[in-house]
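Participant:
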DNA sequence: CGCATATTATTGTCCGACAATCCGACAGGC
DNA sequence: GCCTGTCGGATTGTCGGACAATAATATGCG
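Chains as they are written, first to last, in our numbering: chain A, 44 to 245; chain B, 44 to 245.
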C-alpha cells in the first residue's frame with residue numbers, strides 16, 4: 044500500500060551529489076576536487092563521511108589521483124576501470140570462455156563493418172600492422188596473445204565508436220588467459236586467427 | 044628508468060583482500076560479511092579504514108544490503124549495477140546516440156544467431172510475445188519503448204549467454220530516452236522496428 | 001508454538017588528533 | 001638560468017573514542 048520511504052545515509056547522499064555534478068559536466072574532467080575538509084564544510088557533514096563518499100566515486104572511476112599525487116581529480120572512467128568491473132561481473136556470473144568467445148565472434152563483424160565505412164588510412168595501417176605482427180611472431184606465445192588483443196583494440200578504435208572500444212576491453216581481458224592455452228594446444232588456431240584477421244582487414 | 048615503487052593505503056589493501064576472497068568464491072554469494080568491528084580486529088586497522096574499504100566494494104556491486112537491512116552481504120553485480128557503471132562511462136565519453144544505435148544494430152544479428160541455435164520453446168514464446176506486445180500497442184509512447192527493451196532483453200536471455208545479457212543493459216539504458224523521441228518524431232520508425240523484430244523471430 | 005517485548009549488537013555519524021608527505025616558495029650553488 | 005636543498009603549511013591517511021538510531025536476537029507470555 045505504501046512505498047518504503049527512501050532514506051539514504053549521508054555518505055550516499057554526498058556521493059550522489061558529487062556524482063551528479065560530474066555527470067552534468069559541472070565539475071569538468073581534470074579539475075581538482077575541493078579538499079576533504081572543504082567538502083565537509085560545504086555539505087555540513089564530518090570529514091569521515093565525506094571520505095566514505097569519495098571512496099565510492101573513486102571506485103567507479105569518476106575520481107582519480109595523479110601518479111604520486113595526493114589530491115583527487117575528476118576523471119572519466121578509463122577503458123581499464125570499466126573493463127575491470129564488467130569482467131569481474133562476468134566471472135561471478137559463471138561465464139564460460141565459450142560464451143566470451145561466442146560474444147566476440149558475434150560482435151566483430153559488426154564492428155568491422157562500422158570500421159570499414161569510416162576508415163582512415165592511419166587506422167587501416169594500424170590494423171594491418173597488428174595483423175602483421177601477429178602473423179610474424181610464430182614462436183612467442185604471450186606476445187601472440189597481446190597481438191590478438193591489439194588487433195581487436197585497433198579495430199574498435201578504427202570504428203570510431205566509443206561503445207565498441209569499451210565493450211572490447213572486458214571481453215579481451217577474460218579471453219586472454221584461455222587464448223594462451225588454446226594457441227598452445229590447438230595447432231590450427233594460429234592459422235584460423237590469421238585468416239580471420241586478413242579477412243577483416245580486406 | 045625506475046618504476047614508481049608501489050604503495051597502497053590501508054583502505055585499498057583491505058578492500059583488495061576482501062575482493063579477492065569474493066572472486067575466488069571463498070566468500071560465497073549471499074553470505075553475510077563479518078561485522079565492521081570484527082573486520083577491523085582481523086585486519087588490525089581502525090573501523091573507519093574498514094568502512095572506506097567497504098564503500099568501495101559496495102559501489103562495485105560486490106557487497107549489498109538486504110532491503111531495510113543493516114548488515115552487508117556478498118552479492119554479485121546485478122545487471123543494473125553493471126549497466127549503470129557502463130552507461131555512466133559512455134555518457135562521459137561523449138557517446139552519441141547514433142553510436143549506441145549502431146552498436147545495438149551491429150550486435151543483435153550475432154545474438155540472434157546464438158539464440159536461434161540454442162532456442163527453447165519457452166524463450167521463443169517470450170520473444171514472440173514481446174514482439175506482439177510492441178506491435179499491438181500503437182498509441183502509447185512510453186510503453187512502446189519498454190516493449191522494445193523487453194524484446195532485446197528476451198533475445199539476450201534466449202541466447203543463454205550472460206555476456207549478451209550484460210551488454211544489452213547499458214546500451215538500452217542509454218538508448219531509451221532518445222528512442223522515445225525517435226518514435227514520436229519519425230513516422231516510419233515503428234514499422235521498421237516491427238519488421239526487424241519479426242525478422243529476428245523468424 | 002506464535003507473538004509482543006526487552007536486550008544486545010551493529011551501523012551511521014561525529015569529534016579530535018597526529019604522522020606522513022605532498023606542494024609551493026624560497027634561498028644558494030654550479 | 002636552472003637545478004638542488006630546505007622549510008612551513010596544507011592535505012591526506014589513519015587512529016581512538018563516543019553516541020544515537022535501529023536491526024537482530026533473546027526473552028517472556030499467552
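Note that beta-carbon positions come from the ideal geometry of N, C-alpha and C, so glycine has one too.
Quick check: residue 243 of chain B and residue 155 of chain B, are their CB atoms within less than 8 Å of each other?
Facilitator: By 1-based counting over the second chain, the position of residue 243 of chain B is 200. By 1-based counting over the second chain, the position of residue 155 of chain B is 112. Yes. Within cutoff.
Participant: Please state whether the Cβ-Cβ distance between residue 173 of chain A and residue 207 of chain A is less than 8 Å.
Facilitator: Mapped onto the first chain, residue 173 of chain A falls at position 130. Mapped onto the first chain, residue 207 of chain A falls at position 164. No, they are not a contact pair.
Participant: Taking only beta-carbon atoms, is residue 134 of chain A less than 8 Å away from chain B?
Facilitator: Position 91 of the first chain, counted from the start, is the residue given in the question as residue 134 of chain A. By this cut-off, residue 134 of chain A is an interface position.
Participant: Give the interface partners of residue 317 of chain B over in chain A, defined as CB-CB distance under 7 Å, in chain order.
Facilitator: Any question about residue 317 of chain B goes unanswered here, given that chain B covers just 44 to 245.
Participant: Whole angstroms is fine: what's the gap from residue 64 of chain B's alpha carbon to residue 54 of chain B's?
Facilitator: Reading the second chain from its first residue, position 21 is the one you call residue 64 of chain B. Reading the second chain from its first residue, position 11 is the one you call residue 54 of chain B. Each residue's alpha carbon lies about 16 Å from the other.
Participant: Can you tell me where the alpha helix (DSSP H) with residue 54 of chain B in it begins and where it stops?
Facilitator: By 1-based counting over the second chain, the position of residue 54 of chain B is 11. Start and end: 53-66.
Participant: Please compile the residues from chain B whose C-beta is within a distance smaller than 8 Å of the C-beta of residue 103 of chain A.
Facilitator: Taking the first residue of the first chain as 1, we reach residue 103 of chain A at position 60. Simply 102, 103, 128, 131.
Participant: Residue 75 of chain A by DSSP, collapsed to three states: which one?
Facilitator: In the first chain, the residue the question calls residue 75 of chain A occupies position 32. Strand at residue 75 of chain A.
Participant: Within 7 Å: the Cβ of residue 115 of chain A and any heavy atom of the ligand FAD?
Facilitator: You won't find the ligand FAD in this model; it holds no ligand whatsoever.
Participant: My guess is that residue 224 of chain B and residue 129 of chain A are in contact by the Cβ rule of under 8 Å, so how many angstroms apart are they, rounded?
Facilitator: Residue 224 of chain B sits at position 181 when you count from the first residue of the second chain. Residue 129 of chain A sits at position 86 when you count from the first residue of the first chain. About 28 Å separates the two Cβ atoms, so there is no contact after all.
Participant: Under 7 Å between beta-carbons, which chain B residues line up against residue 95 of chain A? List them in chain order, please.
Facilitator: The residue given as residue 95 of chain A occupies position 52 in the first chain. Going along chain B in sequence order, the residues near residue 95 of chain A (Cβ under 7 Å) are 94, 95, 98.
Participant: Please go through the same chain and pick out, in chain order, the residues whose beta-carbon is closer than 8 Å to the beta-carbon of residue 180 of chain B, but skip the five residues on each side of it.
Facilitator: For the purposes of this step, residue 180 of chain B is taken as residue 137 along the second chain, with counting starting at 1. Result list for residue 180 of chain B: 186, 187, 190, in chain order.
Participant: Anyone know if the C-beta pair for residue 73 of chain B and residue 117 of chain B falls short of 8 Å?
Facilitator: Taking the first residue of the second chain as position 1, residue 73 of chain B is located at position 30. Taking the first residue of the second chain as position 1, residue 117 of chain B is located at position 74. Result yes, Cβ atoms of residue 73 of chain B and residue 117 of chain B sit closer than 8 Å.
Participant: Which residues bound the beta strand (DSSP E) around residue 115 of chain B?
Facilitator: Locating residue 115 of chain B in the second chain gives position 72, counting from the first residue. Run containing residue 115 of chain B: 115-117, per the beta strand (DSSP E) assignment.
Participant: Please go through the segment 153-192 of chain B and give each complete alpha helix (DSSP H) segment of 4 or more residues, from N-terminal end onward.
Facilitator: Entirely contained in the segment 153-192 of chain B, the alpha helix (DSSP H) runs reaching 4 residues are, in chain order, 164-179.
Participant: So, with DSSP's three-state summary, where would you put residue 107 of chain A?
Facilitator: As a position in the first chain, residue 107 of chain A is number 64, starting the count at 1. Three-state result, residue 107 of chain A: strand.
Participant: Compile a chain-ordered list of the residues in the segment 170-193 of chain A whose CB is closer than 8 Å to at least one CB of chain B.
Facilitator: Flagged: no residues at all.
Participant: If you run the structure through DSSP and keep just helix, strand and coil, what is residue 230 of chain A?
Facilitator: Against the first chain, residue 230 of chain A aligns to sequence position 187. If DSSP states are grouped into helix, strand and coil, residue 230 of chain A belongs with coil.
Participant: Would you say residue 301 of chain B reaches chain A, if we count a Cβ-Cβ gap shorter than 8 Å as a contact?
Facilitator: Only positions 44 to 245 of chain B appear in this structure, which leaves residue 301 of chain B out of reach.
Participant: Using alpha carbons as the reference points, say which of B:217, B:80, B:99 lies closest to residue 137 of chain B.
Facilitator: As a position in the second chain, residue 137 of chain B is number 94, starting the count at 1. Measuring from the Cα of residue 137 of chain B, the nearest candidate turns out to be B:217.
Participant: What residue from A:114, A:163, A:106 has the CA that sits closest to residue 120 of chain A's CA?
Facilitator: Indexing the first chain from 1 puts residue 120 of chain A at position 77. The candidate whose alpha carbon is nearest that of residue 120 of chain A is A:106.
Participant: Between residue 145 of chain B and residue 204 of chain A, is the Cβ-Cβ spacing less than 8 Å?
Facilitator: For the purposes of this step, residue 145 of chain B is taken as residue 102 along the second chain, with counting starting at 1. For the purposes of this step, residue 204 of chain A is taken as residue 161 along the first chain, with counting starting at 1. Taking 8 Å as the Cβ cut-off, residue 145 of chain B and residue 204 of chain A qualify as a contacting pair.
Participant: Express the C-alpha separation of residue 227 of chain A and residue 167 of chain B in angstroms, rounding to a whole number.
Facilitator: For this step, residue 167 of chain B is matched to residue 124 along the second chain. For this step, residue 227 of chain A is matched to residue 184 along the first chain. Computed Cα separation, rounded: 39 Å.
Participant: Does the Cβ-Cβ distance between residue 114 of chain A and residue 75 of chain A come in under 8 Å?
Facilitator: For this step, residue 114 of chain A is matched to residue 71 along the first chain. For this step, residue 75 of chain A is matched to residue 32 along the first chain. Contact: yes.
Participant: How should residue 211 of chain A be labelled, buried or exposed, when 16 other C-beta atoms within 10 angstroms of its C-beta is the threshold for buried?
Facilitator: Against the first chain, residue 211 of chain A aligns to sequence position 168. Counting Cβ neighbours within 10 Å, residue 211 of chain A comes out buried, since at least 16 surround it.
Participant: Tell me whether residue 151 of chain B is buried or exposed, calling it buried when 16 or more other Cβ atoms sit within 10 Å of its Cβ.
Facilitator: Position 108 of the second chain, counted from the start, is the residue given in the question as residue 151 of chain B. Burial call: buried.
Participant: Report the option in B:134, B:198, B:79 whose CA atom is closest to the CA atom of residue 157 of chain B.
Facilitator: As a working note, residue 157 of chain B is residue 114 in the second chain. Comparing Cα-Cα distances from residue 157 of chain B to each of B:134, B:198, B:79, the minimum goes to B:198.
Participant: What are the start and end residues of each continuous beta strand (DSSP E) run of 3 or more residues lying completely inside the segment 128-155 of chain B, in chain order?
Facilitator: The qualifying runs do not exist here; there are none.
Participant: Quick check: what's the CA-CA separation for residue 62 of chain A versus residue 100 of chain A?
Facilitator: Along the first chain, read from residue 1 onward, the residue named residue 62 of chain A stands at position 19. Along the first chain, read from residue 1 onward, the residue named residue 100 of chain A stands at position 57. Rounded to the nearest angstrom, the two C-alpha atoms are 7 Å apart.
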